[in-house]
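Residue numbers (the working numbering), protein chains in the order written: chain A, 1 to 309; chain B, 310 to 650; chain C, 651 to 929. Here the structure comes first, spelled out in structure tokens, and everything after it is commentary.
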Amino acid sequence: MMTETAPRPETDTATATATPRRRRTPQALKTAGTLLRFLMRQPPSAFGLVVLALLVGTAILAPVLATHDPYVQNLGETLLPPSGAHFFGTDELGRDVYSRLVHGSRITLTIIFLVTIVVGPIGLAVGTAAGYFGGKVDIVLMRVTDIFLSFPSLILSLAFVAALGPSLNNAIIAIALTAWPPIARLARAETLTFRKADYISAARLQGASPLRIIWRSIVPMCLPSVLIRLTLNMATVILTAAGLGFLGLGAQPPLPEWGAMIATGRRYMIDSWWLVTFPGLAILAVSLAFNLLGDGLRDALDPRQMHKR
Amino acid sequence: MLLDRRRTNALVGQGASILVTLFGLLILTFVIGRIMPNDPVRAIVGEDATREVYDRVYQQLGLGRPVWEQFLLYIRDVATLDFGTSVRTGQPVLTDILRVLPATIELATFAILFGALVGVPLGVLAAVNKDRWQDHVIRVFSLMGHSMPIFWTGMIGLLVFYAWLGWVGGSGRMDQFYIGLVPERTNFLLIDSLLARQWDVFASALNHILLPASLLGYSSSAYITRMTRSFMLDQINQEYITTARVKGLSTRQTIWRHAFGNIRVQLVTIVALAYGALLEGAVLIETVFAWPGFGSYLTANLLIGDMNAVMTCVLVVGVIFIALNVLSDILYRVFDPRTRA
Amino acid sequence: MTDPILDVADLSVRYPGATAPAVRNVSFTLGRERLGVVGESGSGKSTLGRALMRLMPAADITARRMQFEEVDLLAARERQMLKLRGRRMSMILQDPKFSLNPIRRCGDQIAEAYRTHFRCSKAQAHDKAVEMLDAVQIREPERVYRLYPHEVSGGMGQRVMIAMMLLTDPDLVIADEPTSALDVTVRLQVLRILDDLVREKGIGLIMISHDLNLVRNFCDRVLIMYAGRVVETLKARDLDRAQHPYTRGLLAAQPRIAGDRGDLPVLQRDPAWEQEARP
Numbered sequence: 001m002m003t004e005t006a007p008r009p010e011t012d013t014a015t016a017t018a019t020p021r022r023r024r025t026p027q028a029l030k031t032a033g034t035l036l037r038f039l040m041r042q043p044p045s046a047f048g049l050v051v052l053a054l055l056v057g058t059a060i061l062a063p064v065l066a067t068h069d070p071y072v073q074n075l076g077e078t079l080l081p082p083s084g085a086h087f088f089g090t091d092e093l094g095r096d097v098y099s100r101l102v103h104g105s106r107i108t109l110t111i112i113f114l115v116t117i118v119v120g121p122i123g124l125a126v127g128t129a130a131g132y133f134g135g136k137v138d139i140v141l142m143r144v145t146d147i148f149l150s151f152p153s154l155i156l157s158l159a160f161v162a163a164l165g166p167s168l169n170n171a172i173i174a175i176a177l178t179a180w181p182p183i184a185r186l187a188r189a190e191t192l193t194f195r196k197a198d199y200i201s202a203a204r205l206q207g208a209s210p211l212r213i214i215w216r217s218i219v220p221m222c223l224p225s226v227l228i229r230l231t232l233n234m235a236t237v238i239l240t241a242a243g244l245g246f247l248g249l250g251a252q253p254p255l256p257e258w259g260a261m262i263a264t265g266r267r268y269m270i271d272s273w274w275l276v277t278f279p280g281l282a283i284l285a286v287s288l289a290f291n292l293l294g295d296g297l298r299d300a301l302d303p304r305q306m307h308k309r
Numbered sequence: 310m311l312l313d314r315r316r317t318n319a320l321v322g323q324g325a326s327i328l329v330t331l332f333g334l335l336i337l338t339f340v341i342g343r344i345m346p347n348d349p350v351r352a353i354v355g356e357d358a359t360r361e362v363y364d365r366v367y368q369q370l371g372l373g374r375p376v377w378e379q380f381l382l383y384i385r386d387v388a389t390l391d392f393g394t395s396v397r398t399g400q401p402v403l404t405d406i407l408r409v410l411p412a413t414i415e416l417a418t419f420a421i422l423f424g425a426l427v428g429v430p431l432g433v434l435a436a437v438n439k440d441r442w443q444d445h446v447i448r449v450f451s452l453m454g455h456s457m458p459i460f461w462t463g464m465i466g467l468l469v470f471y472a473w474l475g476w477v478g479g480s481g482r483m484d485q486f487y488i489g490l491v492p493e494r495t496n497f498l499l500i501d502s503l504l505a506r507q508w509d510v511f512a513s514a515l516n517h518i519l520l521p522a523s524l525l526g527y528s529s530s531a532y533i534t535r536m537t538r539s540f541m542l543d544q545i546n547q548e549y550i551t552t553a554r555v556k557g558l559s560t561r562q563t564i565w566r567h568a569f570g571n572i573r574v575q576l577v578t579i580v581a582l583a584y585g586a587l588l589e590g591a592v593l594i595e596t597v598f599a600w601p602g603f604g605s606y607l608t609a610n611l612l613i614g615d616m617n618a619v620m621t622c623v624l625v626v627g628v629i630f631i632a633l634n635v636l637s638d639i640l641y642r643v644f645d646p647r648t649r650a
Numbered sequence: 651m652t653d654p655i656l657d658v659a660d661l662s663v664r665y666p667g668a669t670a671p672a673v674r675n676v677s678f679t680l681g682r683e684r685l686g687v688v689g690e691s692g693s694g695k696s697t698l699g700r701a702l703m704r705l706m707p708a709a710d711i712t713a714r715r716m717q718f719e720e721v722d723l724l725a726a727r728e729r730q731m732l733k734l735r736g737r738r739m740s741m742i743l744q745d746p747k748f749s750l751n752p753i754r755r756c757g758d759q760i761a762e763a764y765r766t767h768f769r770c771s772k773a774q775a776h777d778k779a780v781e782m783l784d785a786v787q788i789r790e791p792e793r794v795y796r797l798y799p800h801e802v803s804g805g806m807g808q809r810v811m812i813a814m815m816l817l818t819d820p821d822l823v824i825a826d827e828p829t830s831a832l833d834v835t836v837r838l839q840v841l842r843i844l845d846d847l848v849r850e851k852g853i854g855l856i857m858i859s860h861d862l863n864l865v866r867n868f869c870d871r872v873l874i875m876y877a878g879r880v881v882e883t884l885k886a887r888d889l890d891r892a893q894h895p896y897t898r899g900l901l902a903a904q905p906r907i908a909g910d911r912g913d914l915p916v917l918q919r920d921p922a923w924e925q926e927a928r929p
């Protein structure tokens, strides 16, 4: 992967700074294509891709796929077992579990999306800065990263949510605050490998500011591996979000978040198994999909580099 | 001589790095506990505290003073092990935590035993049969464990093995009518009941720990399996493995007598780290199983918003993590003849 | 040459996924003699050695005949191979830094070779190992027995390796570049020890090497391999009269201490060598 996208050192300084970026786009697309084909060939990662495609499809088509309004209560039809009218039964307020699950996919997707767009930039900024500047900057930034890494992510998220107050948005912020360190580590390692590259020195000699070099020349080079790494970590993010929801610290009722659905269903679990079973299976499917996909990506790319946390 | 000095330097460096991490930890908990909440006092005493209590805590935290002074006060409190009083129990937070911790350690220890006993052999099996069906089955099995929301698995486990099949005990550390029967000496129930020769309590405790510990262990075995596999693959391609085979050892003998010894050190490190990661799952599974441990204590305080107790819990977890890291470092030195020197 | 130890005809080895076989139609017989196998890296000489011991489960091995004494190596089951390996055929690997298990004591590794094939007590195996360490001229065998591989020098490590592999009195020993990882100063010493033991015990030796001089001095016969096939077989003392242009090229490319100081000739390759049948 690295060998495919790494630019060859350029002697012509004028084109050197711009070339990696401009030339990359079609090549990156081609790489993505080969990658996708590789992933579809292996049954496990193909399964992962299919489940994630289903998730996205469900989220987009939620209003069409849902058979009921996920919020409308029907106290005459509480705790009904699965049937033709209610595929996954109804909950304690007579809401259709299937429709709530379908709409819950939107929340899951929102979490994934928001965490990605927060964690990616933070991780990239910290990692590339540490790698590019080196020295004291590196020591301080990596020390901070290590401190964040010295907590299990759920515990740290719990603390953040406790401080910020329970809500879906705060849960997302908390997760993002705990998910960036591995990304920063990776971005730093990547940066170190081509900090000394000729085209970076060329840009520096031309008088480009560090910020510009990092943004135009280093960040694009880190991006593929960072995106892959984010995919790898997404299973943990899903589980943490569900855990927060379960503890009542994430999405608040009546939002149909899967973890929160399990928490409310818990009281009726013994008699109404469907209340906890289906949301749990949904969480399991999505996080398994990410894990299988991540495993496939690990195989497709350099297996050694990815084994580290 | 020279080597000795180098080792001392390394030790000093390591000690300094631990101190820096600890200090960072304090900054982090201080920021989360005192600066992020809108009203740190309310976050500690709760919504319905009286005026006097509010003012007393306000003074205690030094909230009128500059932030750095507040931080110094915080450091002083931590250094004197004064973490304040829990609103819920009225006890000092540290006393509370020390009381509930054994239950969690008991659970986590059983879980890691299970995780390692399952994870390590599976990892070896997967490595030996790389890319064959055994490898694929093991991969899916362990990824499943990694992908399950542990709180959900716990509920389903209770539903199936307790409510339907009746194979294991339900919630809690023992059956209801045994509670209070055993004098609390170590707070490790299995040890206490043995000390008191209360066999039926011991059996009940064992019966209760089985399900949550094995579920927790299963979820951590995923990581152990994957790492074991990758360590093993590194070893299998080494020349000394060829030597062992040339000597006429079978595959099994080669793996267990030669390769395994060489991954033992790395495995210990991994298991120590996995043990720390278990704490995360413990918070959730304790809630499901009403296990009166650290996780339950943490979540109970979270729900009433007692930031003092919560941040102390977070600090304790951080310290445990650092301790495990140091421990795995020490074990590394002990186990590897090359580092013994 | 009556009663050969090893009789190989048309042996080919192909690694999975490789386009061309690593070893192609190699035939030779081996008696109680020392046979050198010479070739450049990638010529298939190491693969040949490992194929003879059936150490490559993944590779595809074919041959018209592959007979080790009374055993048909092609048809032998793994169970049978386990009894053969380390007992009647063994192999000395290149670099003791990698070929000894880093976390087990040298002596224990030697003793294990004995205990794998003979029923005996730990103490007996220990004595055997010490005896053998003495035989490879290690001065304080009891002390060296207790050392870990990282605590011994390369030359000593290779003597430990030789001890391990010759302890069971095998009939065939394959030495795969036994001295190329060692310092020049101890190479000869280690070779002498190996040579003495091999002669004394009447062992058939296959010495795999890229070093023509070494092979010339320590072997009776030489196989020259190029691109997976044997291009020439010679008596060691006739090496100077080699016919094949590759062998001649190799000989010409050797530096000589007494020779002139001009540039050494570079081997000119001929694609035909890869196709040519063995003379």
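We treat Cβ as the ideally placed atom computed from N, Cα and C, and that holds for glycine.
- request: Can you grab the Cα-Cα spacing for the pair leucine 52(A) / threonine 552(B), in whole Å?
  value: Your numbering for residue 52(A) matches position 52 in the first sequence. Your numbering for residue 552(B) matches position 243 in the second sequence. Approximately 47 Å between the Cα atoms of the pair.
field: Within the segment 654 to 739 of chain C, ranges of the beta strand (DSSP E) (whole runs, at least 3 residues)
entry: 656 to 664, 673 to 680, 684 to 688, 710 to 712, 715 to 718
field: Whole-angstrom distance between proline 666(C) and valine 848(C), CA atom to CA atom
entry: Residue 848(C) sits at position 198 when you count from the first residue of the third sequence. Residue 666(C) sits at position 16 when you count from the first residue of the third sequence. When rounded, the distance between both Cα atoms is 35 Å.
message: Please return the same chain residues whose Cβ sits closer than 6 Å to the Cβ of leucine 334(B), not counting the five positions on each side in sequence.
response: The sequence position of residue 334(B) within the second sequence is 25, counting from 1. The residues are Gly627.
message: Tell me the residue span of the beta strand (DSSP E) that contains isoleucine 213(A).
response: In the first sequence, residue 213(A) corresponds to position 213, counting from 1. Isoleucine 213(A) -> not in any beta strand (DSSP E); alpha helix (DSSP H) instead, spanning 210 to 213.
- prompt: Would phenylalanine 598(B) count as contacting chain A if we go by Cβ distances under 7 Å?
  reply: Here residue 598(B) refers to the residue found at position 289 when the second sequence is read from its first residue. Closer than 7 Å: no.
query: Just to confirm, are isoleucine 742(C) and methionine 806(C) a CB contact at a threshold of 7 Å?
result: Taking the first residue of the third sequence as 1, we reach residue 742(C) at position 92. Taking the first residue of the third sequence as 1, we reach residue 806(C) at position 156. No, the Cβ-Cβ distance between isoleucine 742(C) and methionine 806(C) is not below 7 Å.
- prompt: Ordered along the chain, which non-local residues of its own chain (more than five positions away) have a Cβ less than 6 Å from that of tryptophan 274(A)?
  reply: On the first sequence, residue 274(A) is found 274 positions in, with the first residue counted as 1. Around tryptophan 274(A): Pro82, Phe88, Gly89.
message: Applying the 10 Å Cβ sphere with the 16-neighbour rule, what's the burial state of asparagine 867(C)?
response: Within the third sequence, numbered from 1, the residue matching residue 867(C) stands at position 217. Asparagine 867(C) comes out exposed.
query: Are serine 157(A) and alanine 176(A) closer than 7 Å when you measure CB to CB?
result: Taking the first sequence and counting its residues from 1, the one referred to as residue 157(A) is at position 157. Taking the first sequence and counting its residues from 1, the one referred to as residue 176(A) is at position 176. No. Outside cutoff.
query: When we look at the beta-carbon of methionine 464(B) and count the other beta-carbons within 10 Å, is it buried (16 or more) or exposed?
result: Within the second sequence, the letter at position 155 stands for residue 464(B). Buried is the call here.
- prompt: Do alanine 892(C) and cysteine 869(C) have their C-beta atoms closer together than 7 Å?
  reply: Here residue 892(C) refers to the residue found at position 242 when the third sequence is read from its first residue. Here residue 869(C) refers to the residue found at position 219 when the third sequence is read from its first residue. No; because the gap between Cβ atoms is not below 7 Å, this pair is not in contact.
query: Around the Cβ of glycine 322(B), are there at least 16 other Cβ atoms within 10 angstroms (buried) or fewer (exposed)?
result: The count along the second sequence starts at 1 and reaches residue 322(B) at position 13. Exposed, because fewer than 16 other Cβ atoms sit within 10 Å of the Cβ of glycine 322(B).
query: So, is the C-beta of valine 510(B) closer than 7 Å to a C-beta in chain C?
result: Taking the second sequence and counting its residues from 1, one reaches residue 510(B) at position 201. By this cut-off, valine 510(B) is not an interface position.
- request: Starting from aspartate 784(C), follow the alpha helix (DSSP H) in both directions and report where the run begins and ends.
  value: Taking the third sequence and counting its residues from 1, the one referred to as residue 784(C) is at position 134. Here the alpha helix (DSSP H) through aspartate 784(C) covers 772 to 785.
- prompt: Rounded to a whole number of angstroms, what is the C-alpha to C-alpha distance between valine 429(B) and isoleucine 344(B)?
  reply: Within the second sequence, numbered from 1, the residue matching residue 429(B) stands at position 120. Within the second sequence, numbered from 1, the residue matching residue 344(B) stands at position 35. Whole-angstrom Cα-Cα distance: 44 Å.
N-terminal and C-terminal residue of the beta strand (DSSP E) that aspartate 826(C) is part of: If you number the third sequence from 1, residue 826(C) lands on position 176. Residues 822 to 826.
query: With burial defined as no fewer than 16 other Cβ atoms inside 10 Å of the residue's Cβ, what is the status of histidine 776(C): buried or exposed?
result: The sequence position of residue 776(C) within the third sequence is 126, counting from 1. Its Cβ being crowded by 16 or more others within 10 Å, histidine 776(C) is buried.
query: So, do the segment 212 to 221 of chain A and the segment 180 to 199 of chain A have three or more beta carbon pairs nearer to each other than 8 Å?
result: yes
Own chain partners of glutamate 683(C) with C-beta closer than 7 Å, once the 5 adjacent residues on each side are dropped: Residue mapping note: residue 683(C) aligns to position 33 of the third sequence, counting from 1. Gly854, Asp870, Arg871.
query: If you count every other CB in all the chains shown that lies within 10 Å of the CB of threonine 563(B), and 16 or more means buried, which is it?
result: Numbered from its first residue, the second sequence carries residue 563(B) at position 254. Looking at its Cβ environment, which holds 16 or more other Cβ atoms inside 10 Å, threonine 563(B) is buried.
- prompt: By Cβ distance, which residues of its chain are closer than 7 Å to leucine 292(A), with the 5 residues on each side in sequence left out?
  reply: In the first sequence, the residue the question calls residue 292(A) occupies position 292. Around leucine 292(A): Pro44, Ser45, Phe47, Gly48.
- prompt: Do alanine 420(B) and leucine 587(B) have their C-beta atoms closer together than 7 Å?
  reply: Reading the second sequence from its first residue, position 111 is the one you call residue 420(B). Reading the second sequence from its first residue, position 278 is the one you call residue 587(B). Yes.
- request: State the DSSP-derived secondary structure class of isoleucine 742(C), mapped to helix, strand or coil.
  value: Translated into the one-based positions of the third sequence, residue 742(C) becomes position 92. The answer is strand: DSSP assigns isoleucine 742(C) an E or B state.
query: Measuring CA to CA, which of Gln443(B), Thr621(B), Tyr641(B) is closest to valine 340(B)?
result: Locating residue 340(B) in the second sequence gives position 31, where the first residue counts as 1. The alpha carbon of valine 340(B) has as its nearest neighbour, out of Gln443(B), Thr621(B), Tyr641(B), the alpha carbon of Thr621(B).
- prompt: Using a C-beta to C-beta distance shorter than 8 Å, which residues of chain A count as neighbours of glutamate 589(B)?
  reply: Position 280 of the second sequence, counting from 1, holds the residue named residue 589(B). Pro152, Ser153, Leu154, Ile155, listed in chain order.
task: Within 10 angstroms of the Cβ of alanine 325(B), are there 16 or more other Cβ atoms? Answer buried if so, exposed if not.
output: As a working mapping, residue 325(B) is identified with position 16 in the second sequence. Under the 10 Å beta carbon count, alanine 325(B) is surrounded by fewer than 16 other beta carbons and is classified as exposed.
task: Classify valine 794(C) as buried or exposed, calling it buried when 16 or more other Cβ atoms lie within 10 Å of its own Cβ.
output: Taking the third sequence and counting its residues from 1, one reaches residue 794(C) at position 144. The residue is buried, with at least 16 neighbouring Cβ atoms inside 10 Å.
- prompt: For leucine 882(C), which residues does DSSP report across the bridge?
  reply: The residue given as residue 882(C) occupies position 232 in the third sequence. According to the sequence shown, residue 882(C) is glutamate rather than leucine. BP columns for glutamate 882(C) point to Ile874(C).
- prompt: Roughly how many whole angstroms lie between the Cα atoms of isoleucine 238(A) and serine 530(B)?
  reply: For the purposes of this step, residue 238(A) is taken as residue 238 along the first sequence, with counting starting at 1. For the purposes of this step, residue 530(B) is taken as residue 221 along the second sequence, with counting starting at 1. If I take the Cα positions, the gap works out to 19 Å.
message: Rounding to the nearest angstrom, what Cα-Cα distance links leucine 515(B) and glycine 475(B) in this structure?
response: Here residue 515(B) corresponds to residue number 206 of the second sequence, with the count starting at 1. Here residue 475(B) corresponds to residue number 166 of the second sequence, with the count starting at 1. Each residue's alpha carbon lies about 14 Å from the other.
message: In chain order, what are the residue ranges of uninterrupted alpha helix (DSSP H) at least 4 long that sit wholly in the segment 43 to 89 of chain A?
response: 43 to 60, 62 to 65
message: Please tell me whether tryptophan 461(B) and isoleucine 155(A) are closer than 7 Å, where the distance is taken between their beta carbons.
response: To locate residue 461(B), count along the second sequence from 1; it is residue 152. To locate residue 155(A), count along the first sequence from 1; it is residue 155. Not a contact, by the Cβ cut-off of 7 Å.
query: Looking at glycine 526(B) and glycine 604(B), is the spacing between their C-beta atoms short of 7 Å?
result: What you label residue 604(B) is simply residue 295 of the second sequence in a count that begins at 1. What you label residue 526(B) is simply residue 217 of the second sequence in a count that begins at 1. Contact flag unset, no.
- prompt: Roughly how many whole angstroms lie between the Cα atoms of valine 780(C) and tryptophan 508(B)?
  reply: In the third sequence, the residue the question calls residue 780(C) occupies position 130. In the second sequence, the residue the question calls residue 508(B) occupies position 199. Spanning the two alpha carbons is a distance of roughly 53 Å.
task: Give the DSSP bridge partners of serine 326(B), in chain order.
output: Here residue 326(B) refers to the residue found at position 17 of the second sequence. According to DSSP, which records beta bridges pairwise, serine 326(B) is partnered with nothing at all.
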